[in-house]
Amino acid sequence: MIKYDPKSLKAEEFINDAEIQETIKYAEENKNNMELINSILEKARPKKQGNGNVCQGLTHREASVLLACEDPEVTKKIYDIAEEIKLAFYGNRIVLFAPLYLSNYCVNGCLYCPYHIANKTIPRKKLTQEEVKAEVIALQDMGHKRLAIEAGEDPVNNPIEYILECIDTIYSIHHKNGAIRRVNVNIAATTVENYKKLADAGIGTYILFQETYNKEGYEKLHPTGPKHDYAYHTEAMDRAMEGGIDDVGLGVLFGLEGYKYEFAALLMHAEHLEAVHGVGPHTISVPRVKPADDINPEDFDNSIPDETFIKIAACIRLAVPYTGMIISTRENEQVRAEMLRVGISQISGGSRTSVGGYTEEERPHDTEQFDVSDQRTLDEVVSWLMDNGHIPSFCTACYREGRTGDRFMSLCKSGQILNCCHPNALMTLTEYMVDYAGEETKKKGFKMIDEELERIPKEKVKAIAIDNIKAIKESNSRDFRF
Ligand code: SF4
Ligand code: SF4
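First residue of the sequence shown? That's 151 in the numbering used here, and the numbers climb one at a time after it.
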């Protein structure tokens, strides 16, 4: 039997099937063990330390016990602690981003994605640099500062040079007061050499969804193409970090395989990164299978109901309190609202999941990767967030101040990040209000900014933030940050 070893660099040792099966069994056996459950809940709770809070997090086994427990009282406690952690480390801010699809050429055969090579009905499209420029201007004109670029795997149509050229184009465009200040990259698993090139291009987070950690299921879902290689895909984050990328983002596509398996394995992956590189994942994304051209979610029999999905997010929040959590437009407004409460820290807004979608008047469907459930504009999402007491943030400060990887984590763990996030959120929200917001949103936004300024505890920080906000309102000065 292959032995479990979180420090190993071999996929089947750090995502160890026997350990996952044991974990699921252990969780099932202990799902009514209230003494154990209460001690796990207590461990997860944030504790006061100095002026801030600290959290211990949970192991994959502990978190799996909580996920398995069906007692509604316990579920409520999990949600309450998740909210407590969320407020302690992320406050009421939500960072906004948008995906940018560069190309849907793909040589892989992923059964759940309409871009799979055997789909002959979907039009194939790859943006030229002129088209990238037009898309970025459209995104800047909406108010976005942070993008996640997406492309299928195709060494001929989308080689690394193409991706690098696009990143360069994106960073070079400054339309009116607009700028894309952080480009996260979601492309196929690649070599250390290519990851070095991405690091040198100044990317933010490298995001790669595992889709499923179950090797057997993975191989069936990826019958053809380079992505079929489970080990190469699963070990990608180690190569990315070896290539100098500090921030990596994990994710599974819930609905493909059993959620308890995916949950335990996802946390094992986080533990592995911490054990080997001294820093866990920067973000975890929680997408679910959605309908698309040639894709019917009912073909996958592991779809999960909303309540389970929300509980998974809350349990992740308890297990890895310092890892940002991302939800996309795949989810509708109601699910998003619940997810925000239990720990999501980043959402996409005004997204178009098709190649070239932002320059079209109408939302185009022919090249979409998945149906967008939340079809509101960015302005509507911003306004809705404020109505629900969240501060929409366009902050990208950490990455630009070199606070990445372990430097980010040590700041985050010491609670210092709170002194940056809150004023940064208010300053970037002011930029949004002045440059892009509709009249109604503006009224709400300026009111919120004034109120929230009063909540900055350090007088010196508050004074600087007030000065900067004044400068943003009265001139074209932009991009202030702590
Ligand atoms: S999921 Fe990615 S690799 Fe798979 S077919 Fe879609 S674009 Fe290609
Ligand atoms: S200050 Fe850093 S952690 Fe806080 S919102 Fe900005 S980029 Fe994120």
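We put the CB at the ideal spot given by N, CA and C, even for glycine. The structure displayed is predicted, hence computed values, not measured ones.
Checklist line | Counted within 10 angstroms of its Cβ, other Cβ atoms place S625 as buried (16 or more) or exposed | finding: Taking the sequence shown and counting its residues from 1, one reaches residue 625 at position 475. By the 10 Å Cβ count, S625 comes out exposed.
* Whose C-beta lies closer than 8 Å to the C-beta of D350 among residues of the same chain, with five residues either side of it excluded? -> As a first step, residue 350 is located in the sequence shown; it is residue number 200 there, counting from the start. Excluding the 5 residues flanking it on each side, D350 has same chain C-beta neighbours closer than 8 Å at G394, in chain order.
Check: What are the residues that DSSP puts in a beta bridge with V335?
Finding: Position 185 of the sequence shown holds residue 335. Residue pairing by DSSP places V335 opposite I299, Y356 in a beta bridge.
Taking the alpha helix (DSSP H) that P222 falls in, what are its first and last residues? By 1-based counting over the sequence shown, the position of residue 222 is 72. Unbroken alpha helix (DSSP H) run through P222: 222-240.
* Asked: According to DSSP, what are the bridge partners of P542?
  -> Within the sequence shown, residue 542 is the residue found at index 392, counting from 1. Paired residues: I244.
For the alpha helix (DSSP H) that contains T319, what are its first and last residues?
Counting from one through the sequence shown, the residue named residue 319 turns up at place 169. In the DSSP assignment, T319 falls within the alpha helix (DSSP H) that extends over 310-322.
* S189 Cβ short of 7 Å to ligand 2 heavy atom set -> Counting from one through the sequence shown, the residue named residue 189 turns up at place 39. Within 7 Å of the C-beta of S189 there is not a single heavy atom belonging to ligand 2.
Between F450, G493, E609, which lies nearest to I462 when the distance is taken from Cα to Cα? Within the sequence shown, numbered from 1, the residue matching residue 462 stands at position 312. It is G493.
Look at L246 and I497 and say whether their C-beta atoms are less than 8 Å apart. Within the sequence shown, residue 246 is the residue found at index 96, counting from 1. Within the sequence shown, residue 497 is the residue found at index 347, counting from 1. Contact: yes.
Check T384 in the structure and name its three-state DSSP category.
Position 234 of the sequence shown holds residue 384. It is helical.
Review point. Buried or exposed: which applies to S627, given that a residue is buried once 16 or more other Cβ atoms fall within 10 Å of its Cβ?
Key: Within the sequence shown, the letter at position 477 stands for residue 627. With fewer than 16 Cβ atoms within 10 Å of its Cβ, S627 is classed as exposed.
Item checked: Same chain, Cβ closer than 7 Å to N618, five either side skipped, listed in chain order -> The residue given as residue 618 occupies position 468 in the sequence shown. Once the five neighbours on either side are set aside, the close Cβ partners of N618 are M577, F630.
Quiz item: For A386 versus L358, is the C-beta spacing smaller than 8 Å?
Solution: Here the question's residue 386 lines up with position 236 in the sequence shown. Here the question's residue 358 lines up with position 208 in the sequence shown. Taking 8 Å as the Cβ cut-off, A386 and L358 qualify as a contacting pair.
Span separating the alpha-carbon of G555 from that of T340 = Position 405 of the sequence shown, counting from 1, holds the residue named residue 555. Position 190 of the sequence shown, counting from 1, holds the residue named residue 340. For G555 and T340, the distance between alpha carbons rounds to 20 Å.
Helix, strand or coil at F520 according to DSSP, with G and I counted as helix: Numbered from 1 along the sequence shown, position 370 holds the residue referred to as residue 520. Of the three classes helix, strand and coil, the one that applies to F520 here is coil, per DSSP.
Rounded C-alpha distance that separates E551 from K594: To locate residue 551, count along the sequence shown from 1; it is residue 401. To locate residue 594, count along the sequence shown from 1; it is residue 444. Straight-line Cα distance between these residues: approximately 30 Å.
- [ ] Using a threshold of 8 Å, state whether the C-beta atoms of Y380 and K365 are closer than that.
- [x] Here residue 380 is taken as the residue at index 230 of the sequence shown, counted from 1. Here residue 365 is taken as the residue at index 215 of the sequence shown, counted from 1. Contact: yes.
R438 (DSSP reduced to helix, strand or coil): As a first step, residue 438 is located in the sequence shown; it is residue number 288 there, counting from the start. Judged by DSSP in its simplified three-state form, R438 adopts strand.
- Got a sec? Which residues, its chain only, sit under 7 Å from A615 by beta carbon, not counting five neighbours each side? Along the sequence shown, read from residue 1 onward, the residue named residue 615 stands at position 465. Here the set comprises P573, L576, M577, L603, I606.
- So does A338 have its beta carbon nearer than 7 Å to some heavy atom of ligand 1? As a first step, residue 338 is located in the sequence shown; it is residue number 188 there, counting from the start. Yes, ligand 1 has a heavy atom inside 7 Å of this Cβ.
Can you confirm whether the region 218-237 touches the region 276-283 when touching is taken to mean that 3 or more C-beta pairs between the two stretches lie within less than 8 Å?
Not touching, per the Cβ criterion.
Reduced DSSP category for N203 - H, G, I as helix; E, B as strand; rest coil = Residue numbering aside, residue 203 sits at position 53 when the sequence shown is read from its first letter. Strand, per DSSP.
| With distances taken from each beta carbon to the nearest heavy atom of ligand 2, which residues come in below 6 Å, in chain order? | That query returns the following residues: V245, S543, C545, T546, A547, C548, I567, C570, C571, N574.
Starting from V531, trace the beta strand (DSSP E) in both directions and tell me its first and last residue. On the sequence shown, position 381 is the one that residue 531 refers to. First-last for V531: 528-537, but that is the alpha helix (DSSP H), not the beta strand (DSSP E).
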